[in-house]
Amino acid sequence: MLNDFLRLNPEAREKLVKDLEKKGIFDKNVLNALLQVPRELFLDPSLFVRAYDDMALPIEFNQTISQPYTVAFMTQLLELKQGDRVLEIGTGSGYQSMILKLCSAEVFTIERISQLYHKSKSLFEMLNFNIHIELGDGSVGLPEFMPYDAIIVTAGLPSIPNELVKQLKFNGKIVAPVGDLKSQTMTKLIRIDDDKFTITEHSKFRFVPLIGDKGWYIDDQN
Ligand code: SAH
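So for the sequence shown, the numbering used here puts the first residue at 6; every next one is plus one.
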């Protein structure tokens, strides 16, 4: 099924991937994954003309599909290996989940907005992508399927919750945008052992907020 969609605009994807290389993305697996996933699949038809602009675009319920550069940068930081078990917090459109899956990972993803959950679940099924998707508050992780090699948080949060660190294997990584509601620093945590970890900080980004027990309290009616 994905093959049918691949006929959509392959030249535009090649150009996007070349631009991402110029912007510093070097991981071949990540670049190859972005080459393979048509971004139109996740967008309203009125936005198809902008599908390969390197920018975040609106999806339903005031949420966004992340900028391709951001998806590539975060996935590259995760340094995924074949068979790694990955948890994504904030499924949204499902674009990042499919990129993770193509980077040889076993993917679990969690979304709090029921309509987005159902939409992404149907999309994964239609494309025959074996991604495990759950509905709920991912700010406390997804302990049922722990431990993970990598956790990626695709919404902004005030700090990295201890609950997430505890769900990592030793040497596992969390990549998350940490900051206030206006701006976040991309942060990478590596768990060394029971309670030791290292943190590195990367560039600034702007994400929609992670809403939940260990995220922000915002009453957005969803
Ligand atoms: N990875 C997505 C980015 C979507 S934007 C993509 O590629 O399209 C962030 C998503 O996080 C939104 O869909 C939002 O509803 C979801 N979200 C916010 N707080 C959450 C929480 N506590 N648990 C799970 N999902 C959450």
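Cβ atoms here follow ideal geometry from the backbone N, Cα and C, with glycine treated the same way.
Predicted model, so just to flag it, every value in this text is computed and none were measured.
If residue i and residue j are in contact, beta carbons under 8 Å, what's the gap, nearest whole angstrom?
{"i": "residue 93", "j": "residue 76", "result": "Contact doesn't hold; Cβ gap of about 11 Å is too wide."}
{"i": "residue 154", "j": "residue 177", "result": "5 Å"}
{"i": "residue 120", "j": "residue 151", "result": "Not quite, the Cβ-Cβ distance comes to about 27 Å (not below 8 Å), so this is no contact."}
{"i": "residue 141", "j": "residue 117", "result": "7 Å"}
Whole angstroms is fine: what's the gap from residue i's alpha carbon to residue j's?
{"i": "residue 49", "j": "residue 26", "result": "27 Å"}
{"i": "residue 210", "j": "residue 149", "result": "30 Å"}
{"i": "residue 13", "j": "residue 41", "result": "10 Å"}
{"i": "residue 200", "j": "residue 194", "result": "12 Å"}
{"i": "residue 65", "j": "residue 44", "result": "15 Å"}
{"i": "residue 187", "j": "residue 214", "result": "9 Å"}
{"i": "residue 216", "j": "residue 222", "result": "6 Å"}
{"i": "residue 202", "j": "residue 165", "result": "12 Å"}
{"i": "residue 54", "j": "residue 30", "result": "24 Å"}
{"i": "residue 60", "j": "residue 74", "result": "8 Å"}
{"i": "residue 91", "j": "residue 110", "result": "6 Å"}
Would you check whether ligand 1 has a heavy atom nearer than 6 Å to the C-beta of residue i?
{"i": "residue 69", "result": "yes"}
{"i": "residue 116", "result": "yes"}
{"i": "residue 224", "result": "no"}
{"i": "residue 220", "result": "yes"}
{"i": "residue 215", "result": "yes"}
{"i": "residue 144", "result": "yes"}
{"i": "residue 98", "result": "yes"}
{"i": "residue 95", "result": "yes"}
{"i": "residue 121", "result": "yes"}
May I ask you to report which of helix, strand or coil DSSP gives residue i?
{"i": "residue 170", "result": "helix"}
{"i": "residue 126", "result": "helix"}
{"i": "residue 84", "result": "coil"}
{"i": "residue 131", "result": "helix"}
Can you name the start and end residues of the beta strand (DSSP E) that residue i belongs to?
{"i": "residue 202", "result": "202-210"}
{"i": "residue 101", "result": "Per DSSP, residue 101 belongs to no beta strand (DSSP E); it is in the alpha helix (DSSP H), 100-107."}
{"i": "residue 92", "result": "89-94"}
State the start and end residues of the unbroken alpha helix (DSSP H) segment that holds residue i.
{"i": "residue 160", "result": "Premise fails: residue 160 is in no alpha helix (DSSP H) and is neither H nor E."}
{"i": "residue 17", "result": "15-27"}
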